[in-house]
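Colleague: So the sequence lines, in the order shown, correspond to chains A and B.
Heads up: the first sequence is residues 56 to 413, going by my numbering.
Heads up: the second sequence is residues 1317 to 1771, going by my numbering.
Structure below; questions to follow.
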Amino acid sequence: MASATYRLQGDIMAASFLQLWEGGLVRRCSRQRGEGRNETPAYRDEDGRIRIMLTSWKLFRLHVLLFIFCRHVNTETPDPTPPPLVPISPLPIDARSVVLKGESHTEVVELLSPVNLTLECTWTGNQNKGPNITGFWRKDGHEIGNSHVTVELEAEQYNLRRVFHIISEENLGNYSCIFGREAKIDFVLSGPQIGEVRDKPIVSYVGDSVVFICKMDKTKPKPTAWDWYKANGTDREQIVAAEEPHRYEIKNKEGKTQLRMHNLTEADSGLYFCGAVYPISTTVGQMELQVITLYEPLKPFIAIMAEVTILVVAILLCEKCHPRKKETAGDGINDQTNMQTQTENNGSETSSMRQRKV
Amino acid sequence: MAPPTATKLGYTPPDGGWGWAVVLGSFISIGFSYAFPKSLTIYFKEIQKYFSVSYSQTAWVSSVMLASMYAAGPVSSILVNRYGSRPVVMVGGVMVSAGMVLASFGSTIMHLYLCVGVIGGFGLAFNLQPALTIIGTYFHVKRPLANGLAMAGSPVLLFTLAPLNQLLLDSFGWRGSFLILGAILLNCCVAGSLMRPVNKHPQREPQSDSPASNRAAAEEGARGGCLQKFIDVSLFKHRGFLIYLVGNVVMFLGFFAPVVFLAPYARDIGIDEYSAAFLLSIFALVDMFVRPATGLIGNTSCIRPRIQYFFSFAVTFTGVCHLLCPLASGYSGLVIYAVFFGIGFGMVCALLFEVLMDLVGAHRFSSAVGLVTIIECGPVLLGPPISGALVDKFGDYTYMYYACGVLVAVPGIFFFIMNYYNYKKLDEEQRRSVAVEMRSDEEAAQHKIDHDEST
């Protein structure tokens, strides 16, 4: 089993840019545009850090372009060549490193906020350790362009490392580093998951109220906010409690949210979602509501009552119709002690018995 | 043979025939009484969310139901003494059903405490006592077997109700489920209709009752006064009853806690949730088969005369089981423990009321069981919370198991010693009463001869 060790390494340019937009724009900017990438000169220093030099004019132009075209971005993550970003303010940096001894391994990485993440894969190789092997990266099953690298065998190990800018929900997913065709390490990048979500529908009644609860595990960090959505066809419509306070009531505590709906109608049946909002993404939990009328349980109720009535009447009738059999099965036990004694209950009865016997 | 008290019935129990239908009726009633409060726990999570209360407040519903069931014991006994088993069971069935139906419309948790807890609990009490009593009226020779079969109702119904409740919850929510459970509980009325009062044909002579002992019994009856008319409080002077009572009160303090904490203990030592739940299923399954088997064994001619020793053995066995539980390592160890615990628990439960019937006799059993249940109410309810407190204090389940083991094993040994003493005394009394009878017969015969000679 590969054990995970973590080291930090960062890219200053990307960090600076992202910190500028962190407040609001980044959440809507789900992608980065590689504008002007090829125009900026860059070099790699001794530590492997990427440095960019820009003139002030280019700096200004870059800012403007990035600001205007914030929404129109492509999905490609930046390749190892210097990113076209200016050192505005640094992003936090994080790294995950996995040493693989077998054939494959999956590592779950939980992220809260935008970060520059370095993923490092180390493979000890198998029997035929060649001097070189081709390594590349995949995101969600699709190969990341220009990521093919020839990896050399260093100290009996192959090493692949790459920096990813995880800014928003689009950047989360399943990243894999692959060595040739033999070894694969998966990094599953996601926000904190909501625990304990009921997979079966919650049943409630017309005119009744229902409570939905979403809880984030105590061990996991608390979300900045909670949202509730109702499914409307394929879309999700946010539930704003303020609009209909007599119907919806949302109570939020630190790691827990509660949605209470009053005066249910059959139209309220369907899917509901609670969203735990984090800087990087919103984790969503799903639950289903079914609203039924009182007639639904009334049907089995009446059926069972009918069964009980039939059985009771049948048993009692049976008793009345067949005359009571003499319930005297036990024979030999007491006959021998046929003495003229009184019983506790009816002295007169036994005296008549005695007369009969004698 | 059995002590003479058991045979002062005034008629011969059928020991078969319609008696087996009565056993079926008792099976259903006893099953609902014991299994229903436990099976309600499946709804607690939903109810807790709905009423926005804490889990312990929700768990009170079961506790109130169990407490009412035990506390209403004497009331049930009085009614059975007065009206017989059948009407009481039918009224009980209607009560518990009505309680559940009312609860399904509840708007506060207090509503549930009253409807499910109090009304439901009383209804179940009106099912339990009569079901136990009527077995004593129908069976004498095969009574241990009949008791064992009837008591098997508890694990069988628990096994059935648990998945049924889950299914109902998923299909209808807690309100609809309570409504349907109300209908299901009406089957107690079906059980009641089977409990035909036994035919007390005065055709057979009763067992040897010396005039001396009869006079003593009549005096005892008169002494109790007003209360005695309803419930036989002279039982508190009955040696066997007192032994039973004292031993049981201590035993019940540590009896149910191991069942309650089996799954949490398993999870505590690292077993996953499903395997932990499976341990309880193993326990229930073993319990289900051991109860009738114990009845069969108790019926054999070598055990029956000294059935009190069998009961003492069963109690001691269970206690030793708990003491050895902390030695169980890993899942397989706990499985072995669950099997042995199931055997012990089943044996004790099957014999629990049989030995009481054996001690006080079938005609006083109704009052005896009423008094016993109300006194046992305390330890039964206090046991699990005290054990829980022990677990919280030491952070470890082993001390709880040691405590429960001691609380069960010591009464077991107590039963052995006291029953030995009791049997000796009973044998002495038997010999004395036989001697008195023989003397009185001789006198009567002599008197008759004299009378004949004089005429």
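Glycine included, every Cβ here is placed at the ideal spot set by N, Cα and C.
Quick check on A1528 of chain B: buried or exposed, where buried means 16 or more other Cβ atoms within 10 Å of its Cβ?
Modeller: Because the pLDDT of A1528 of chain B is 43, which lies under 50, any placement of that residue in the model is unreliable, and the number read from its coordinates should be weighed accordingly. A1528 of chain B is exposed by the Cβ-count criterion.
Colleague: Kindly indicate which three-state DSSP category D1766 of chain B falls into: helix, strand or coil?
Modeller: helix
Colleague: Helix, strand or coil for S1420 of chain B, going by three-state DSSP, please let me know.
Modeller: Judged by DSSP in its simplified three-state form, S1420 of chain B adopts coil rather than helix or strand.
Colleague: What does DSSP give as the partner residue(s) for T173 of chain A in the beta ladder?
Modeller: A:A150 and A:V218
Colleague: Based on the DSSP secondary-structure assignment, which residues constitute the bridge partners of C232 of chain A?
Modeller: A:W192 and A:I240
Colleague: How many Å lie between N1567 of chain B and F1629 of chain B at the Cα?
Modeller: Reading off the sequence shown, one finds Met at residue 1567 of chain B, where the question assumed Asn. Near 13 Å, if we compare the C-alpha coordinates of F1629 of chain B and M1567 of chain B.
Colleague: Tell me the rounded alpha-carbon separation between S1384 of chain B and S1420 of chain B.
Modeller: Between the alpha carbons of S1384 of chain B and S1420 of chain B lies a distance of about 19 Å.
Colleague: Under 8 Å, do I1691 of chain B and P355 of chain A count as touching if we go by C-beta distance?
Modeller: It is not a contact, given that the beta carbons lie outside the stated cut-off.
Colleague: Hey, out of B:S1487, B:F1571 and B:Y1717, whose CA is closest to L496 of chain A's CA?
Modeller: Past the edges of chain A, shown from 56 to 413, lies residue 496 of chain A, and the structure says nothing about it.
Colleague: Under a CB-based cut-off of 8 Å, is I305 of chain A close to chain B?
Modeller: no
Colleague: Closer than 9 Å, Cβ to any Cβ of chain B: which residues of the segment 326–359 of chain A, in chain order?
Modeller: Q345, I347, L349, E351, P352, L353, P355, F356, I357, A358 and I359
Colleague: Would you mind reading off the limits of the alpha helix (DSSP H) that contains R1398 of chain B?
Modeller: G1389 to Y1399
Colleague: Name the chain D residues that come within less than 8 Å of I370 of chain A, Cβ to Cβ?
Modeller: The structure shown has no chain D; the protein chains it does contain are A and B.
Colleague: Applying a beta-carbon distance threshold of less than 7 Å, which residues of chain B neighbour S259 of chain A?
Modeller: G1489
Colleague: Would you say A1579 of chain B lies against chain A (beta-carbon separation less than 8 Å)?
Modeller: no
Colleague: Using only CA atoms, which one of B:N1463, B:I1450, B:V1432 and B:V1575 lies nearest to G1721 of chain B?
Modeller: B:V1575
Colleague: Do F242 of chain A and C329 of chain A count as a contact pair if the criterion is CB distance below 8 Å?
Modeller: no
Colleague: Among A:S152, A:G157, A:V164 and A:T348, whose alpha-carbon lies nearest the alpha-carbon of I335 of chain A?
Modeller: A:V164
Colleague: Between Y1366 of chain B and chain A, is the shortest Cβ-Cβ distance under 8 Å, so that the two count as touching?
Modeller: yes
Colleague: Expressed to the nearest angstrom, what Euclidean distance is found between the alpha-carbon atoms of V1631 of chain B and G246 of chain A?
Modeller: 55 Å
Colleague: Comparing the C-beta of I1500 of chain B with each C-beta of chain A, is any distance below 8 Å?
Modeller: Cβ-Cβ to chain A under 8 Å: yes for I1500 of chain B.
Colleague: In chain order, what residues of the same chain have a beta carbon less than 6 Å from the beta carbon of G1437 of chain B, not counting five sequence neighbours either side?
Modeller: Apart from sequence neighbours up to five positions away, the residues of its chain that approach G1437 of chain B with a beta-carbon distance below 6 Å are M1381, S1384 and M1385, ordered along the chain.
Colleague: Look at the alpha carbon of H203 of chain A and the alpha carbon of Y1581 of chain B, and state the distance between them as a whole number of angstroms.
Modeller: C-alpha separation (whole angstroms): 53 Å.
Colleague: Closer than 8 Å is the cut-off here; do at least three beta carbon pairs connect the segment 310–328 of chain A with the segment 265–279 of chain A?
Modeller: yes
Colleague: Does Y1399 of chain B pass the burial test, meaning 16 or more other C-beta atoms within 10 Å, or should it be called exposed?
Modeller: exposed
Colleague: Under a three-way DSSP split, which group does L80 of chain A fall into?
Modeller: At L80 of chain A the pLDDT is 42, less than 50, meaning the model places this residue with poor confidence; the figure from the coordinates comes in the next sentence. In this structure, L80 of chain A counts as helix in the three-state DSSP scheme.
Colleague: Enumerate in chain order the residues of its own chain whose CB-to-CB distance from V258 of chain A is below 6 Å, with the five nearest sequence positions on each side excluded.
Modeller: Excluding the 5 residues flanking it on each side, V258 of chain A has same chain C-beta neighbours closer than 6 Å at Q345, in chain order.
Colleague: What does V367 of chain A touch in chain B if you count any residue whose Cβ is under 7 Å from its own?
Modeller: C1505, V1506 and S1509
Colleague: So which residues on chain B does I268 of chain A lean against when the C-beta distance must stay under 9 Å?
Modeller: The answer, in chain order, is K1365.
Colleague: Going along chain B, which residues have a C-beta under 7 Å from E374 of chain A?
Modeller: R1512
Colleague: So what does DSSP say about A297 of chain A, is it helix, strand or coil?
Modeller: coil
Colleague: When the Cα atoms are used, what is the spatial distance from L1667 of chain B to G1326 of chain B?
Modeller: 25 Å
Colleague: Starting from the Cα of I1450 of chain B, find the closest Cα among B:S1413, B:N1481 and B:S1342 and give me that residue.
Modeller: B:S1342
Colleague: Give me the residue from A:E198, A:L172, A:G200 and A:L208 with the minimum Cα distance to G180 of chain A.
Modeller: Nearest Cα to G180 of chain A within the set A:E198, A:L172, A:G200 and A:L208: A:L208.
Colleague: Excluding the 5 residues preceding and the 5 following R216 of chain A in the sequence, name in chain order all residues of the same chain whose CB lies nearer than 6 Å to its CB.
Modeller: Taking C-beta separations shorter than 6 Å and ignoring five residues to either side along the sequence, the partners of R216 of chain A in its chain run E175, following chain order.
Colleague: If you draw a straight line from the C-alpha of V1772 of chain B to the C-alpha of H317 of chain A, how long is it?
Modeller: Because residue 1772 of chain B is not part of the residues shown, which for chain B are 1317 to 1771, the question remains open.
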